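Sequence lines, in order, name chains A and B.
To convert, note that position 117 of the first sequence is 117 in the numbering used here; the numbers rise steadily by one, no gaps.
To convert, note that position 68 of the second sequence is 68 in the numbering used here; the numbers rise steadily by one, no gaps.
For glycine and all other residues, C-beta sits at the position ideal for the given N, C-alpha and C.
Predicted, not measured: the structure shown is a model, and the values here were computed from it.
Structure first, commentary second.
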Amino acid sequence: MNGTVGLVLVSHSADLAAGLRELLRQVAGDAVAVTVAGGDDDGGLGTSYDLIRDAIAEAGSGGGVLVLPDLGSSVLTAKALLEQHPDPGVRLVDAPFVEGAVAAAVIAATGADLDTVADAAEEAWHARKL
Amino acid sequence: MPESSETTVVLPAHLHARPAGQVVVTAAKFTSTIEIVYGAKTANAKGVLALLSLGATAGETVTIRATGPDAPAAAEAIATTLRTTE
């Protein structure tokens, strides 16, 4: 697979996902495709199967897609979707939402492959703030 | 035997999220291992969260340590990135 790995931010809140995307753009630049699936189908707090599916399709740029859920049903819905539509180029990652996304976006901006970007997100569990 | 290179930079601005991201992107262009040392803390220049956790602020001096075949160029490139961040 060639191209930059894309990221999908799955959150209960559209504002949270959009805000995180804004942060990623500042830290990692515009080279990384970051799409969001925030809230439910009606714009409220929750999770939407269809929004996640669309966000994954939108983020795909040849290098693979890493899906980062915030918690709870975001995780379960993304997991269900990927189990029903398995794709080796799309991976759900278990990582802290903000730190994992920042670490992944910066590494993706270096042109790293999907394995490396996923590892960077997971390593965020070990990053202390102080 | 790998080459080693060390240089210091007085940070013109806090090593916050955006410059840390630029350091990682620059570091990824080199094969050398690159570390940034601030006080008692050391961070791999290829890890943005580690760089942020240094808590290095404007006016402080950090040391860049590169080890590997392209160490001098790597250390210089990181120094330039850090000197020119806002």
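For R21 (chain A), no chain B residue has a Cβ inside 7 Å of its Cβ, as the nearest lies near 14 Å away. Closest option to V5 (chain A), judged by alpha-carbon separation, among A:Q84, A:K79, A:H126, A:E58: A:E58. Exposed is the label assigned to K41 (chain B), since fewer than 16 other Cβ atoms lie within 10 Å of its Cβ. L51 (chain A) places its beta carbon 9 Å or farther from that of A33 (chain A). For E60 (chain B), same chain residues with a beta-carbon under 6 Å away, outside a window of 5 residues either side, are L11 in chain order. Counting along the chain, the unbroken alpha helix (DSSP H) around L82 (chain B) starts and ends at 71-83. Around the C-beta of E99 (chain A), 16 or more other C-beta atoms lie within 10 Å, and the residue is accordingly described as buried. Using a Cβ-Cβ cut-off of 9 Å, A74 (chain B) does not count as an interface residue toward chain A, since no Cβ of chain A sits closer than that to its own.
Three or more Cβ pairs closer than 8 Å define a contact, and the segment 68-81 of chain B meets that threshold against the segment 21-29 of chain B. Taking each of B:D70, B:G55, B:S4 in turn and checking the Cα distance to H14 (chain B), the smallest one comes out for B:G55.
Between the alpha carbons of I34 (chain B) and A124 (chain A) lies a gap of roughly 19 Å. In this structure, DSSP gives V23 (chain B) a helical state, which the three-state scheme calls helix.
Residue range 6-11 is occupied by the beta strand (DSSP E) that includes L7 (chain A).
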